[in-house]
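Sequential numbering of the sequence shown, starting at 1, is according to the UniProt record's numbering.
Where a beta carbon is used, it is the ideal one built from N, C-alpha and C, also for glycine.
See structure below.
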Amino acid sequence: MSEEGLKELRNKLDSIDNNLLELINQRMKIVHEVGALKAKSGGAIYRPEREKSIIDRLEKINIENDGLLNRSAIEALFLEIFAISRNIELPENIAYLGPEGSFTHQAAEGRFGAMSSYISIGSISGIFREVDTKKVRFGVVPIENSSNGIVTDTINCLSKYNLKIIAEVVLDIHHTLATTCDKVSDIKRIYSKDIAFEQCRKFLANFGLDEVELIPIESTTKAARIAANEPGSAAICPHVGAKLHNLPILFENIEDKDNNKTRFFIISDFENASSGNDKTSILVKFPDRQGVLVQFLTDFNEAGINLTKIKSHIVEGNSIFFIDFDGHKDDENVKKVLLKHESSIKVLGSYVKEINDI
1 MSEEGLKELR
11 NKLDSIDNNL
21 LELINQRMKI
31 VHEVGALKAK
41 SGGAIYRPER
51 EKSIIDRLEK
61 INIENDGLLN
71 RSAIEALFLE
81 IFAISRNIEL
91 PENIAYLGPE
101 GSFTHQAAEG
111 RFGAMSSYIS
121 IGSISGIFRE
131 VDTKKVRFGV
141 VPIENSSNGI
151 VTDTINCLSK
161 YNLKIIAEVV
171 LDIHHTLATT
181 CDKVSDIKRI
191 YSKDIAFEQC
201 RKFLANFGLD
211 EVELIPIEST
221 TKAARIAANE
231 PGSAAICPHV
241 GAKLHNLPIL
251 FENIEDKDNN
261 KTRFFIISDF
271 ENASSGNDKT
281 SILVKFPDRQ
291 GVLVQFLTDF
301 NEAGINLTKI
311 KSHIVEGNSI
321 FFIDFDGHKD
331 DENVKKVLLK
341 HESSIKVLGS
351 YVKEINDI
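As structure tokens, this is what we get:
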């Protein structure tokens with residue numbers, strides 16, 4: 001291609017970028033007006049069901065016009081625009097299970113964008129407490145991992161606090177081996193969380209690293225910080241944790257299972273409207289009566305409600321069930337079942353469905 005032809009294409013791109021900037025600024029002016037109205041009425045700034053409907057509409061338009069973007073690309077672009085918009089409407093703090101660079105931090109940024117204000121909290125109960133006292137508007141907590149199951153602390157807090165699940169986020173979990181050592185044979189000790197060691201056992205054995213000292217600590221990000229400053233050491237940590245501490249990565253994606261996922265909940269103090277593709281989570285404490293669980297499940301089945309998860313737990317000495325099902329709590333068939341068993345059920349929230357199960 002000639003230099004003149006390349007220059008012409010670049011000029012066209014510059015013109016398109018100028019138009020995009022103007023249109024985005026126009027959008028932000030309207031967003032500011034929306035924010036002012038919501039501030040007067042007390043309306044929620046974050047509306048996952050509204051964001052989903054926008055992306056659904058844009059995807060349909062894109063397909064009709066043979067656009068080059070797939071849904072993931074559209075989501076990546078517009079979720080960031082939505083995040084910037086929310087900060088223009090009303091900047092709000094988001095609490096996540098820290099430290100900085102944790103997988104929960106990644107999940108939070110993936111939903112709320114890079115411009116939001118994030119607060120690292122050291123415990124799941126601390127996140128619930130800060131949201132409950134309105135020091136922060138949103139909290140991001142892990143609920144389950146495909147390898148290690150349900151997070152008991154989150155279930156306990158969902159039982160204790162009257163907060164709502166307003167969204168779920170599913171994150172692919174990838175671990176790296178990061179170190180200042182040039183060779184595997186130079187590594188004398190490895191820092192990480194217990195769960196990360198468990199998820200990378202095969203890798204460690206294959207490379208003879210199960211023979212070195214494995215030192216469990218409270219966070220993978222702290223592991224990266226220690227390894228960055230301690231010769232002969234390494235960390236099993238997420239990519240972002242290594243990057244945060246300028247720690248070179250020796251191996252990527254060292255987890256044993258290539259489909260390792262963690263599901264997170266976003267919690268707040270409001271409820272979502274129906275999006276047309278929702279999931280509802282509930283806690284159920286059944287009375288001590290024969291056949292009550294069978295009757296409960298039969299009622300859901302007869303109402304045509306698809307149960308996607310049933311997990312039993314002990315909370316404060318009592319046996320309870322954590323249940324996910326397809327549908328919104330205000331759907332007519334769902335309302336009838338919830339009303340019939342209202343003395344046994346705590347509705348945790350209805351939210352846009354991101355995944356069937358992990």
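Counting only the same chain and skipping the five closest in sequence on each side, list residues whose C-beta sits under 6 Å from that of residue i.
| i | result |
| --- | --- |
| PHE197 | LEU214 |
| HIS174 | ASN253 |
Here's a check: name, in chain order, each residue in its chain whose Cβ is nearer than 7 Å to the Cβ of residue i, leaving out the five neighbours to either side.
| i | result |
| --- | --- |
| ASN93 | SER117, ILE119, VAL136, ARG137 |
| ASN62 | LEU69, ILE74 |
| ASP357 | THR308, LYS309 |
| GLU80 | GLY113 |
| ASP153 | ILE124, SER125 |
| ASN148 | ILE195 |
| ALA107 | VAL140, VAL169, LEU171, PHE264 |
| GLN199 | SER147, HIS175, GLU255, ASP256, ASN260 |
Is residue i helix, strand or coil when you go by DSSP?
| i | result |
| --- | --- |
| ILE68 | First, the amino acid is wrong: residue 68 is Leu here, not Ile. LEU68: coil per DSSP, three-state reduction. |
| VAL313 | The sequence given here places His at residue 313; Val does not occur at that position. If DSSP states are grouped into helix, strand and coil, HIS313 belongs with the strands. |
| ALA95 | strand |
| ILE45 | coil |
| LYS336 | helix |
| GLU100 | coil |
| ASP153 | helix |
| ILE173 | coil |
| SER350 | strand |
| LEU37 | helix |
| LYS183 | coil |
| ASN260 | coil |
Tell me the rounded alpha-carbon separation between residue i and residue j.
| i | j | result |
| --- | --- | --- |
| ILE16 | ILE74 | 17 Å |
| PRO287 | PHE270 | 29 Å |
| LEU307 | LEU338 | 13 Å |
| ARG10 | ARG86 | 32 Å |
| ILE187 | ASN253 | 18 Å |
| THR176 | LEU250 | 7 Å |
| LYS340 | GLU302 | 13 Å |
| ASN260 | LEU171 | 9 Å |
| ILE84 | MET115 | 7 Å |
| LYS335 | GLN295 | 17 Å |
| LYS12 | ILE355 | 40 Å |
| GLU22 | SER2 | 31 Å |
| LYS7 | ASN25 | 27 Å |
| ILE55 | LEU77 | 10 Å |
Looking only at C-alpha atoms, which of the options sits nearest to residue i?
| i | options | result |
| --- | --- | --- |
| ALA178 | HIS239, LEU209, GLN295, GLY126 | HIS239 |
| residue 359 | GLU4, LEU9, GLU316 | The structure shown does not extend to residue 359, since the chain is modelled only from 1 to 358, so the question has no answer here. |
| GLU211 | GLY276, GLY98, SER185 | SER185 |
| TYR46 | LEU209, ASN272, LEU58, ASN162 | ASN272 |
| VAL292 | GLY276, GLY113, PHE321, ILE305 | PHE321 |
| residue 359 | GLN290, ILE195, LEU158, GLU80 | Any answer about residue 359 is impossible in this case: the structure gives the chain only from 1 up to 358. |
| SER72 | THR298, GLU4, GLY110 | GLY110 |
| ARG189 | ILE55, GLU230, THR133, THR220 | GLU230 |
| PHE82 | ARG57, GLY5, GLU342, PRO48 | PRO48 |
| residue 412 | TYR96, LEU209, SER192 | Residue numbering for the chain in the displayed model covers 1 to 358; residue 412 lies beyond these limits and cannot be assessed. |
| TYR161 | VAL31, ASP132, HIS32 | ASP132 |
| TYR191 | ILE55, SER2, THR180, THR220 | THR220 |
| SER274 | ASN19, ARG50, ASN18 | ARG50 |
Skipping 5 residues on each side, what residues in its chain have a beta carbon closer than 8 Å to that of residue i?
| i | result |
| --- | --- |
| VAL151 | ILE124, VAL141, PRO142, ILE143, GLU144, ASN145 |
| ILE345 | ILE282, LEU283, VAL284, LEU338 |
| ILE314 | ILE320 |
| THR277 | One detail in the question is off: residue 277 reads as Asn in this sequence, not Thr. The residues are LYS52, VAL352, LYS353. |
| ILE305 | PHE325, ASP326, GLY327, ASN333, VAL334, VAL337 |
**Asked** Would you call the region 320–336 and the region 219–238 touching, i.e. three or more CB-CB distances under 8 Å?
**Response** Judged by Cβ distances under 8 Å, the region 320–336 makes no contact with the region 219–238, as fewer than three pairs qualify.
State whether the region 199–206 contacts the region 278–295, with contact taken as three or more CB pairs (one from each stretch) at a distance under 8 Å.
no
task = Please confirm if the region 141–148 is in contact with the region 261–280, defined as three or more CB-CB distances below 8 Å between the two stretches.
result = yes
Check whether the region 342–353 and the region 158–171 are in contact - that is, three or more C-beta pairs closer than 8 Å.
yes
Report task. Inspect the CB distances between the region 91–110 and the region 120–134 and report whether three or more fall short of 8 Å. Result -> yes
Quiz item: For the 8 Å Cβ check, are there 3 or more pairs between the region 217–233 and the region 245–252?
Solution: A contact exists between the region 217–233 and the region 245–252.
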